[in-house]
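Enquirer: Please read through the structure below; I'll follow up with questions.
Residue numbers (my numbering): 1 to 137.
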């Protein structure tokens, strides 16, 4: 699963009402029940936004946690070129979709389902993924 930037920020910044379900899904990755990926652009975005809220030192600590929890889907020229022709309404979403596709990730998790209407990969909300994972015990 590739996790969209918003889910990571929900957990990191404890954004209600989204943080609890996102943390529940992330814990499945931490337990090794699912493979978790982030786009490399997600890290820079998260650091920038988190530093504004919790300060640069705490943001750096949180980024370190992400390095331990996730693998990364690189964003390179091929990913950007493929994203540019997808016609997504949100270019960041297109980039994350293509980064996921390029590394063989099978699905994306996001609260912004509307940004992924043109996705080839399956796209789940955190709530949908939690329900699916609850049935696979």
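Just so you know, even glycine gets a beta-carbon here, dropped at the ideal spot from N, CA and C.
What's the gap between the Cα of residue 63 and the Cα of residue 43?
Expert: Cα-Cα distance, rounded: 7 Å.
Enquirer: In or out: residue 138 buried (at least 16 other Cβ within 10 Å) or exposed?
Expert: Because the chain here runs from 1 to 137, residue 138 falls outside it and cannot be looked at.
Enquirer: In chain order, what residues of the same chain have a beta carbon less than 7 Å from the beta carbon of residue 39, not counting five sequence neighbours either side?
Expert: Only 2, 73, 75, 95, 96, 99 meet the Cβ criterion.
Enquirer: Would DSSP call residue 73 helix, strand or coil?
Expert: Strand, per DSSP.
Enquirer: Taking residue 4 as the reference, give the member of 27, 37, 79 with the closest Cα.
Expert: Of 27, 37, 79, the residue nearest in Cα terms is 37.
Enquirer: Taking residue 39 as part of the beta strand (DSSP E), name the residues at either end of that continuous run.
Expert: Where residue 39 is concerned, the enclosing beta strand (DSSP E) stretches over 37–39.
Enquirer: Quick check: the Cα distance between residue 89 and residue 115, rounded to an integer number of angstroms?
Expert: Going by the C-alpha atoms only, they are around 6 Å apart.
Enquirer: Between the alpha carbons of residue 27 and residue 126, how many angstroms are there, rounded?
Expert: If you take the alpha carbons of residue 27 and residue 126, they lie about 12 Å apart.
Enquirer: How many angstroms separate the CA atom of residue 117 from the CA atom of residue 57?
Expert: Going from the Cα of residue 117 to the Cα of residue 57 covers about 37 Å.
Enquirer: Just to confirm my understanding: we take residue 70, look at its own chain, exclude 5 residues before and 5 after, and list those with CB closer than 8 Å. What are they?
Expert: Excluding positions up to five away in sequence, the list reads 3, 29, 36, 37, 38.
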